[in-house]
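Q: If you read the protein sequences in the order shown, they are chains A and B. Heads up: the first sequence at position 265 corresponds to 265 in my numbering, and the numbers run straight through without jumps. Heads up: the second sequence at position 154 corresponds to 154 in my numbering, and the numbers run straight through without jumps. Each residue gets a CB set at the ideal place from its N, CA and C atoms; glycine is no exception. Since the structure is predicted, the reported quantities are computational estimates derived from the model, not experimental observations.
There are 2 protein chains.
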Amino acid sequence: MAEGLIQIGVVGCADIARKVSRAISLAPNAALCGVASRSLEKASAFAAANNLPLSAKVYGSYEALLEDPDVDAVYMPLPTTLHLHWALLAAQNKKHLLLEKPVALHVAQFDRILEACQSNGLQFMDNTMWVHNPRTAAMAQFLNDAHRFGNLKSVRTCFTFAADPAYLKNDIRVKADLDALGSLGDQGWYCIRAILLAANYELPKTVLASYEPVLNKDGVILDCGASLYWQDGRVATFHCSFLANLTMDITAIGTRGTLHVHDFVIPYHEKEASFLAGTQTSFDDLVTGWAKQPEKHTVHTDLPQEALLVREFARLVGEIKFKNSKPDNKWPTISRKTQLVLDAVKASIQRGFQPVQIHH
Amino acid sequence: MAEGLIQIGVVGCADIARKVSRAISLAPNAALCGVASRSLEKASAFAAANNLPLSAKVYGSYEALLEDPDVDAVYMPLPTTLHLHWALLAAQNKKHLLLEKPVALHVAQFDRILEACQSNGLQFMDNTMWVHNPRTAAMAQFLNDAHRFGNLKSVRTCFTFAADPAYLKNDIRVKADLDALGSLGDQGWYCIRAILLAANYELPKTVLASYEPVLNKDGVILDCGASLYWQDGRVATFHCSFLANLTMDITAIGTRGTLHVHDFVIPYHEKEASFLAGTQTSFDDLVTGWAKQPEKHTVHTDLPQEALLVREFARLVGEIKFKNSKPDNKWPTISRKTQLVLDAVKASIQRGFQPVQIHH
């Protein structure tokens with residue numbers, strides 16, 4: 001076991017675990033120490049298929065991994081419905097927690113998870129990868145620049161993809177007993193997070209769901225949207241869907257600037273990502289063209305965004321493990337705000353598209 | 001007077017008349033035969049400042065131009081409040097009518113204008129320039145392509161610009177007795193038109209204004225937005241504003257494709273314009289990038305879009321003048337649908353953000 005590396009175990013062999021296992025291996029301060037499934041066969045097959053390091057252990061139950069004292073932290077790509085149970089067990093076993101999004105079915109559940117982590121001195125982070133891409137930092141810098149962007153007026157986000165019939169029939173994200181929040185929990189989570197980023201993480205005052213989300217026969221959301229309103233007049237809208245072509249946009253408009261991005265969750269390329277930034281864009285004199293256009297900014301990264309996420313998580317765990325620090329509160333706070341807005345969207349849908357106030 | 005050219009007179013010396021005068025001169029089938037203002041001095045100054053042809057007459061009143069038998073058609077860039085009066089007088093004088101948008105304060109007024117044109121066998125067209133850019137035809141072709149785009153699911157548009165203090169104090173677009181519809185009539189018109197284009201000109205069923213538009217002290221809209229809903233689940237949203245950085249987007253998402261454009265009203269360049277079109281865009285296997293990205297399509301044009309608009313208007317007028325055809329109904333119908341949606345947005349605002357049904 002290499003000195004100083006945070007030992008991360010993977011609890012569950014979901015498809016996304018393939019990508020995150022690779023990310024753990026790529027992160028310079030973390031090591032993939034094991035993978036657990038509900039059967040040893042599945043865990044072994046996953047380890048073999050994904051070129052896990054030979055040192056990685058395989059476990060035939062989640063409990064076995066959680067009880068292993070060599071494991072510092074766990075990545076948990078389980079269906080949302082199972083988060084509370086397994087997150088509490090992880091905390092009980094003193095494992096730091098990298099949890100797949102949405103973090104919980106509702107914020108009250110998430111607060112129990114957070115409380116369990118905090119009372120055990122454990123780091124919590126959700127697995128929202130794109131916010132760890134250096135492009136996101138560059139976008140945030142632009143959005144917070146009084147000269148280049150000014151004050152936010154409106155932001156629109158979307159994340160849609162066209163799920164195939166097998167996905168719409170079998171995927172955990174369309175099952176009421178697994179990922180009950182459906183597209184809202186999966187894609188809407190990212191849209192809401194992007195809106196919060198643009199709003200400098202200030203929660204909106206009022207959330208109003210758009211009419212007629214599409215639900216499957218079990219009541220799971222396949223397509224929905226909402227508008228968010230702040231006291232000072234800022235407005236946001238988003239749309240998420242399993243039923244439309246792959247699209248992921250942020251358009252944020254400020255008093256002095258505009259941001260456009262078309263691949264915010266998963267950049268087109270792993271090692272570089274771009275956005276369009278316009279400042280005091282303007283027409284020419286006769287209004288037959290633009291005198292000042294938005295400009296393309298490209299940000300390069302050696303590590304893919306998911307490895308940067310793991311590096312950040314392992315860094316925070318390392319602060320606790322090696323330097324006796326307290327768990328960092330920045331990421332859990334952002335997770336909680338995302339869940340609060342998500343809950344409000346769901347409540348607005350359930351109340352027949354009535355406005356829902358967020359109290360904070 | 002050149003044989004076969006449609007003789008167009010300009011009624012009013014608004015700023016936009018500079019651009020349209022140039023467009024009339026550029027259109028191969030039209031000639032700028034004169035310009036009228038409320039004083040001969042203003043009309044003469046406009047003619048001199050804008051290099052109008054020496055053959056162009058100047059008139060010290062709108063009536064004088066309207067009564068000139070040499071004038072086939074008029075372009076009317078007057079404030080919205082004046083449209084009804086002068087459009088009816090133009091029709092009475094048998095002048096074909098190119099009218100600035102918004103076409104009227106509400107659809108009942110517009111229907112009187114249309115009726116006057118139709119009963120006199122006159123062509124009506126509104127001055128929405130961008131729909132005559134060949135890029136728009138290419139976008140429409142993409143949006144109507146069952147293979148490349150599929151069925152529309154959602155469309156978001158915006159048109160904002162940051163008006164300076166002088167504009168916000170003095171421009172006709174912020175005056176209750178001139179362009180009383182403010183940003184909704186000016187920029188919202190384009191957003192609604194783009195939404196209708198994406199929806200293949202099918203009117204939405206329900207319109208819901210976004211909360212808290214910004215009004216000036218005279219009640220003129222400076223910033224507003226709305227959501228539009230169709231019976232079959234299509235959703236559209238738009239945002240228009242005089243108070244945010246220059247931005248003009250269409251994002252249309254279909255079951256199989258996505259369209260992005262960032263300069264839909266005024267293309268960045270006069271002679272070429274682009275859009276992004278994605279068909280069955282997809283991630284790579286590990287979801288670390290895109291296997292299939294949207295592609296940029298660029299459309300070239302010899303004539304600027306406003307000259308193409310004039311050419312189309314003059315062509316339709318020529319059909320009537322030289323071939324005894326009936327007035328074309330395509331453009332007036334689209335103008336009317338745009339106004340109907342605009343009226344519904346205004347009604348929703350006035351009713352405290354209640355949904356407004358569009359009956360058709």
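1) Below 8 Å on C-beta distance, what does Pro294 of chain A contact in chain B?
2) For Gly12 of chain A, would you say it is in contact with chain B, using Cβ-to-Cβ distances shorter than 8 Å as the test?
3) Below 8 Å between beta carbons: does that hold for Leu181 of chain A and Pro102 of chain A?
4) Per DSSP, which one or two residues make a beta bridge with Arg160 of chain B?
5) Within 10 angstroms of the Cβ of Ala166 of chain B, are there 16 or more other Cβ atoms? Answer buried if so, exposed if not.
6) Does Asp177 of chain B pass the burial test, meaning 16 or more other C-beta atoms within 10 Å, or should it be called exposed?
7) As an exercise, report each continuous beta strand (DSSP E) stretch of at least 3 residues that is fully enclosed by the region 15-47 of chain A, in chain order.
8) Taking Asn329 of chain B as the query, report the chain A residues whose CB atoms sit under 9 Å from its CB, ordered along the chain.
9) For Leu215 of chain B, I'd like the list of residues in its chain whose CB is within less than 7 Å of its CB, leaving aside the five on either flank, ordered along the chain.
10) Could you name the residues that DSSP lists as bridge partners for Glu272 of chain A?
11) Please classify His260 of chain A: does DSSP put it in a helix, a strand, or coil?
12) Hey, quick one: how far does the alpha helix (DSSP H) through Phe365 of chain B stretch, first residue to last?
13) Could you work out which residues of chain A lie near Leu243 of chain B, taking near to mean beta carbons separated by less than 8 Å?
14) When you compare only the Cα positions, how much space is there between Thr258 of chain B and Tyr229 of chain B?
15) Select from B:Thr237, B:Leu26, B:Asp263, B:Ala87 the residue whose C-alpha is nearest the C-alpha of Arg65 of chain B.
16) Going by Cα to Cα distance, which pick from A:Pro355, A:Lys95, A:Val356, A:Ala344 is closest to Pro108 of chain A?
17) Classify Ile358 of chain A as helix, strand or coil using the three-state DSSP reduction.
18) Verify whether the separation of the beta carbon atoms of Pro53 of chain A and Leu32 of chain A is less than 8 Å.
19) At what residues does the alpha helix (DSSP H) containing Leu117 of chain A begin and finish?
20) Which residues, taken in chain order from the region 17-34 of chain A, show a beta carbon closer than 8 Å to some beta carbon of chain B?
21) Apart from the five residues on each side of it in sequence, which residues of its chain come closer than 7 Å, Cβ to Cβ, to Val265 of chain B?
22) How long is the line joining the alpha carbons of Ala366 of chain B and Ala199 of chain B, rounded to whole angstroms?
23) Just the C-alpha distance for Ile8 of chain A and Glu115 of chain A, rounded to the nearest angstrom, thanks.
24) Find the nearest neighbour of Gly34 of chain A within the set A:Ser61, A:Asn170, A:Asp145, judged by alpha-carbon distance.
25) If I measure Cβ to Cβ from Phe242 of chain A and keep anything under 6 Å in the same chain, skipping five residues before and after, which residues do I get?
26) If we define contact as Cβ-Cβ less than 8 Å, is His300 of chain B a contact residue for chain A?
27) Assuming Leu342 of chain A and Ile192 of chain A are in contact, meaning their beta carbons sit under 8 Å apart, how far apart are those beta carbons, in whole angstroms?
28) Short of 6 Å in beta carbon distance, which residues of its chain neighbour Val356 of chain A, apart from the five on each side in sequence? Order them along the chain.
29) Shorter than 8 Å from the beta carbon of Arg193 of chain B to some beta carbon of chain A?
30) Relative to chain B, which residues along the region 210-239 of chain A have a C-beta separation below 7 Å, given in chain order?
31) With a floor of 4 residues, list each alpha helix (DSSP H) that falls wholly inside the region 161-209 of chain A, ordered by position along the chain.
32) Considering only residues of the same chain and omitting the five flanking positions on each side of His239 of chain A, which have a CB-CB separation below 6 Å?
33) According to the Cβ coordinates, are Gly289 of chain A and His269 of chain B closer than 8 Å?
34) By the three-class DSSP mapping on this structure, what secondary structure does Gln350 of chain B have?
35) Would the region 304-323 of chain B and the region 125-139 of chain B be scored as touching if the rule is three or more Cβ pairs under 8 Å?
36) Starting from the beta carbon of Val287 of chain A, find every residue of chain B whose beta carbon is closer than 7 Å, and list them in chain order.
A: Working from what's here:
1) His262
2) no
3) Yes, these two residues count as a Cβ contact at 8 Å.
4) According to the sequence shown, residue 160 of chain B is Thr rather than Arg. DSSP lists B:Ser241, B:Thr247 as partners of Thr160 of chain B.
5) exposed
6) exposed
7) 30-36
8) Those within 9 Å of Asn329 of chain B in chain A number zero; the least Cβ separation is about 29 Å.
9) Answer for Leu215 of chain B: Ile221, Leu222, listed in chain order.
10) Partner(s): A:His300.
11) strand
12) Because chain B here runs from 1 to 360, residue 365 of chain B falls outside it and cannot be looked at.
13) Lys153, Thr255
14) 19 Å
15) The sequence shown places Leu at residue 65 of chain B, rather than the Arg named in the question. Ranked by how close their Cα comes to the Cα of Leu65 of chain B, the residues B:Thr237, B:Leu26, B:Asp263, B:Ala87 have B:Ala87 in first place.
16) Checking the sequence shown, residue 108 of chain A turns out to be Ala, not Pro. The residue with the shortest Cα to Cα distance from Ala108 of chain A is A:Ala344.
17) coil
18) Taking 8 Å as the cut-off, the Cβ atoms of Pro53 of chain A and Leu32 of chain A count as close.
19) Looking at the sequence shown, residue 117 of chain A is not Leu but Cys. Unbroken alpha helix (DSSP H) run through Cys117 of chain A: 107-119.
20) Arg18, Lys19, Arg22
21) Answer for Val265 of chain B: Trp130, Phe159, Tyr190, Met248, listed in chain order.
22) No information on residue 366 of chain B is available, as it lies outside the stretch 1 to 360 that chain B covers here.
23) When rounded, the distance between both Cα atoms is 21 Å.
24) A:Ser61
25) Ala163, Ser183, Leu222
26) no
27) 6 Å
28) Same-chain partners within the cutoff: Val207, Ala344, Ala347, Ser348.
29) no
30) Ser210, Tyr211, Glu212, Val214, Gly225, Ser227, Tyr229, Gly233, Val235, Thr237, His239
31) 165-170, 189-198
32) Cys158, Gly225
33) yes
34) helix
35) yes
36) Lys19, Ile266
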